[in-house]
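Here is the structure we will look at.
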Amino acid sequence: ESQYLKILTSLAEVATTNGHKLLSLSSNYEAQMKSLLRIVRIFCHVFRIGPSSPSNGNDMGYNGNKTPRSQVFKVRKVYDVVRKIDVKEMNFTKHAFINQTSHEQEPLELLWHSLDEWLVLIAMELMKNKRDSTNITSILLKQKGPDHQDATPTPSFAPAGPEGRKELSTDAVELKSYDVAGKQEACADCQDVISMTANRLSAVIQAFYMCCSCQMPQGMTSPRFIEFVCKHDDVLKCFVNRNPKIIFDHFHFLLECPELMSRFMHIIKAQPFKDRCEWFYEHLHAGQPDSDMVHRPVNENDILLVHRDSIFRSSCEVVSKANCAKLKQGIAVRFHGEEGMGQGVVREWFDILSSEIVNPDYALFTQSADGTTFQPNSNSSVNPDHLNYFRFAGQILGLALNHRQLVNIYFTRSFYKHILGIPVNYQDVASIDPEYAKNLQWILDNDISDLGLELTFSVETDVFGAMEEVPLKPGGASILVTQENKAEYVQLVTELRMTRAIQPQINAFLQGFHMFIPPSLIQLFDEYELELLLSGMPEIDVNDWLKNTEYTSGYERGDQVIQWFWDVVEELTQEERVLLLQFVTGSSRVPHGGFAHIMGGSGLQNFTIAAVPYTANLLPTSSTCINMLKLPEYPSKEILKDRLLVALHCGSYGYTMA
Numbered sequence: 001e002s003q004y005l006k007i008l009t010s011l012a013e014v015a016t017t018n019g020h021k022l023l024s025l026s027s028n029y030e031a032q033m034k035s036l037l038r039i040v041r042i043f044c045h046v047f048r049i050g051p052s053s054p055s056n057g058n059d060m061g062y063n064g065n066k067t068p069r070s071q072v073f074k075v076r077k078v079y080d081v082v083r084k085i086d087v088k089e090m091n092f093t094k095h096a097f098i099n100q101t102s103h104e105q106e107p108l109e110l111l112w113h114s115l116d117e118w119l120v121l122i123a124m125e126l127m128k129n130k131r132d133s134t135n136i137t138s139i140l141l142k143q144k145g146p147d148h149q150d151a152t153p154t155p156s157f158a159p160a161g162p163e164g165r166k167e168l169s170t171d172a173v174e175l176k177s178y179d180v181a182g183k184q185e186a187c188a189d190c191q192d193v194i195s196m197t198a199n200r201l202s203a204v205i206q207a208f209y210m211c212c213s214c215q216m217p218q219g220m221t222s223p224r225f226i227e228f229v230c231k232h233d234d235v236l237k238c239f240v241n242r243n244p245k246i247i248f249d250h251f252h253f254l255l256e257c258p259e260l261m262s263r264f265m266h267i268i269k270a271q272p273f274k275d276r277c278e279w280f281y282e283h284l285h286a287g288q289p290d291s292d293m294v295h296r297p298v299n300e301n302d303i304l305l306v307h308r309d310s311i312f313r314s315s316c317e318v319v320s321k322a323n324c325a326k327l328k329q330g331i332a333v334r335f336h337g338e339e340g341m342g343q344g345v346v347r348e349w350f351d352i353l354s355s356e357i358v359n360p361d362y363a364l365f366t367q368s369a370d371g372t373t374f375q376p377n378s379n380s381s382v383n384p385d386h387l388n389y390f391r392f393a394g395q396i397l398g399l400a401l402n403h404r405q406l407v408n409i410y411f412t413r414s415f416y417k418h419i420l421g422i423p424v425n426y427q428d429v430a431s432i433d434p435e436y437a438k439n440l441q442w443i444l445d446n447d448i449s450d451l452g453l454e455l456t457f458s459v460e461t462d463v464f465g466a467m468e469e470v471p472l473k474p475g476g477a478s479i480l481v482t483q484e485n486k487a488e489y490v491q492l493v494t495e496l497r498m499t500r501a502i503q504p505q506i507n508a509f510l511q512g513f514h515m516f517i518p519p520s521l522i523q524l525f526d527e528y529e530l531e532l533l534l535s536g537m538p539e540i541d542v543n544d545w546l547k548n549t550e551y552t553s554g555y556e557r558g559d560q561v562i563q564w565f566w567d568v569v570e571e572l573t574q575e576e577r578v579l580l581l582q583f584v585t586g587s588s589r590v591p592h593g594g595f596a597h598i599m600g601g602s603g604l605q606n607f608t609i610a611a612v613p614y615t616a617n618l619l620p621t622s623s624t625c626i627n628m629l630k631l632p633e634y635p636s637k638e639i640l641k642d643r644l645l646v647a648l649h650c651g652s653y654g655y656t657m658a
């Protein structure tokens, strides 16, 4: 064990040296970053495979120092002095403090202390910038005064000495004196030190998280690291806002810690869909062998042998018995009595299965009002195996997403929200009962005080053909709906129709889905993006679209603006056409039979373009309930295209009341 501890300490010293070099702005970022993270990964691996490990409960370094090796992570209160010092005394106090305490600290603690100092300095500058535009270089690269020719350099750390201790040096950066114009030039040259240091500090933060995590049992986040992120919340958000790529490069801890993820979710979801997809699959397949680089012969026992004539039941049986870890790595399917295998067979299997999942014979899903999407059937219990089948349906969609296979079914927006854990709202009711949704909208839009509706917080629900009264909340039958509580009533009705009525089915589905797709990863997307991930981009026939479009409020087919509009639609990418369809109709799909079968709030309703007087910078708007695009009378095709694209990319997912 003493030899093991010696190795562990040596690795910690090397990691600390590399970390300090990375924090020096004069070092090569790419090389030092890779070097630090590589040695930290080795260190954490050695820590985990040692004589004791957090996973078996023998080491409690995260909770108390019960073994000698936990001394490598010795936690000390090294931040109190930093919190109290004045900016003007920062350099002097910092040097005195570290020189005084470094001989008492274990190697990694000094690196974490240096990281904390940098973040404290930047936090001070951010506070200062709220009042003026002074650059952080006024602190980090501050001149000694008018009588000095040399400036105080950026702090950096010398390599480890034979004792493994780090001495703080001040000779890493030499700066010449400069006048006022020179100061402005320096600010322009380095932009600001936040931008210069963000990537370096983020890499050290990643190393800190890795070291904290290897002390913890599987599935637990280090309390120390959570405290660290909460303390430096403003600075970390500043880093991410300035360079969102940092999230994907270094802030992997967000995916493993929901309480931290929630702090950054609005920034993450603002990143391009493509970047989030790459991050999703990178982490989903982390630690798995690269199937593109290594050919692994298929084990006969791992082949899913299914029957074509009973594909749903036979697939359910073999998938439930299969090894989940092996299914994540790869799928091999063979149909009984057939020789064929390979990706073509796998694609066919997913294609057929996805259609079978919504087969009415199994009573699992019902068709929505528009006829193009599906929703869990609240009466699915007529099938005694319905919950097992819902679990299987979740497994199939999870497997398809895991292996980038598309399914040929679409679900209601509310069901995608259930998969993502997003609350439903009254607008989602329209997918299963458009008339009921209009009634809820009317209640919200009108004063119901003197209408005598006599509504209570209970509703009648159809259960296998019999009407039953269901309270929306305890004692709901005796609570009247008023102008003051009507919003609560509408939300509770929505939850009853869209969630409570199918909660067991949702739970069973998610149980299967989460076997292959972790909840922390799937929440990177919204319900529209999840649909694209699962079902792909629908094909849109522009000629059919044009043929089944109506014009109103002054527009006619031959008008110049209308001709420009259809020219622009021809020029759009397939993704942008889907956004346009979604923007105007609320749906990204064309129903079976084409645009002639598009549904509106009151039945069949063609795509319609209405004229709107033009004013500068005016964007197109839409009324999704009647499939109407309100298109301003733009003076040129170029302006029309520009304004349309802005509306599609910035407003296709939001709703207001017309």
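Numbering follows UniProt numbering, with no gaps: position 535 of the sequence shown is 535. In this text, a Cβ means the ideal position worked out from N, Cα and C, and glycines have one as well.
Counting along the chain, residue 333 sits inside the beta strand (DSSP E) bounded by residues 333-335. Burial of residue 370 is indicated by the presence of at least 16 other C-beta atoms within 10 angstroms of its C-beta. Judged by beta-carbon spacing, residue 233 lies within the 8 Å limit of residue 263, meaning their Cβ atoms are closer than that value. A direct Cα-to-Cα measurement between residue 442 and residue 33 gives close to 59 Å. Residue state for residue 107 is assigned as helix, using DSSP reduced to three classes. Counting C-beta pairs closer than 8 Å gives fewer than three between the segment 505-525 and the segment 469-489, which falls short of the contact rule.
Around the beta carbon of residue 467, a 10 Å sphere encloses fewer than 16 other beta carbons of the protein chains shown; the residue is thus reported as exposed. Residue state for residue 551 is assigned as strand, using DSSP reduced to three classes. Nearest Cα to residue 534 within the set 518, 399, 407: 407. The segment 374-437 is shown to contain whole alpha helix (DSSP H) runs of 4 or more residues at 386-402, 413-420, in chain order. Straight across, the Cα-Cα distance linking residue 198 with residue 243 is about 8 Å.
In terms of Cβ geometry, residue 609 and residue 551 form a close pair [threshold 8 Å]. In the DSSP assignment, residue 609 is bridged to 551, 629. Residue nearest to residue 23 within the set 641, 41, 200 is 200 (criterion: CA-CA distance).
In the displayed model, residue 251 falls within coil according to three-state DSSP, outside both helix and strand.
Looking from the CA of residue 542, the closest CA among 565, 258, 526 belongs to 565.
In the three-state DSSP reduction, residue 456 falls in the strand class (E or B).
For residue 628, the number of other beta carbons within 10 angstroms of its own is at least 16, and it is reported as buried. Comparing alpha-carbon positions, the option among 342, 225, 561 lying closest to residue 644 turns out to be 561. Taken through DSSP and simplified to helix, strand or coil, residue 350 comes out as helix.
Straight through space, the alpha carbons of residue 516 and residue 277 are spaced by roughly 16 Å. For residue 225, the closest alpha carbon among the candidates 539, 632, 282, 212 is that of 212. Residue 264 sits in a helix when the DSSP states are folded into three classes. Membership of residue 467 in any alpha helix (DSSP H) is not indicated; the residue belongs instead to the beta strand (DSSP E) covering 466-471. The three-state reading of DSSP puts residue 599 in strand, counting E and B together.
Residue pairing from DSSP leaves residue 225 without any beta-bridge partner. Approximately 23 Å separates the beta-carbon atoms of residue 394 and residue 218; this is outside 8 Å, ruling out the contact.
Distance from the CA of residue 325 to the CA of residue 302, rounded to the nearest whole angstrom, comes to 11 Å. Contact check for residue 492 against residue 472 passes: the beta carbons are separated by less than 8 Å.
According to the DSSP secondary-structure assignment, residue 306 is paired through a beta bridge with 335.
Partner residues in the beta bridge of residue 461, as assigned by DSSP, are 468. Close CB contacts of residue 360 within its chain, under the 6 Å cut and outside five residues either way in sequence, are absent.
Per DSSP, residue 365 lies in no alpha helix (DSSP H) segment; the continuous beta strand (DSSP E) that holds it begins and ends at 365-367. The beta carbon of residue 523 lies closer than 7 Å to those of 420, 421 in the same chain, with the five residues before and after it left out.
Excluding residues up to 5 positions away in sequence, nothing lies with its Cβ nearer than 7 Å to the Cβ of residue 230 in the same chain.
Rounded to whole angstroms, the Cβ separation of residue 15 and residue 43 is 6 Å, and the two are in contact under 8 Å.
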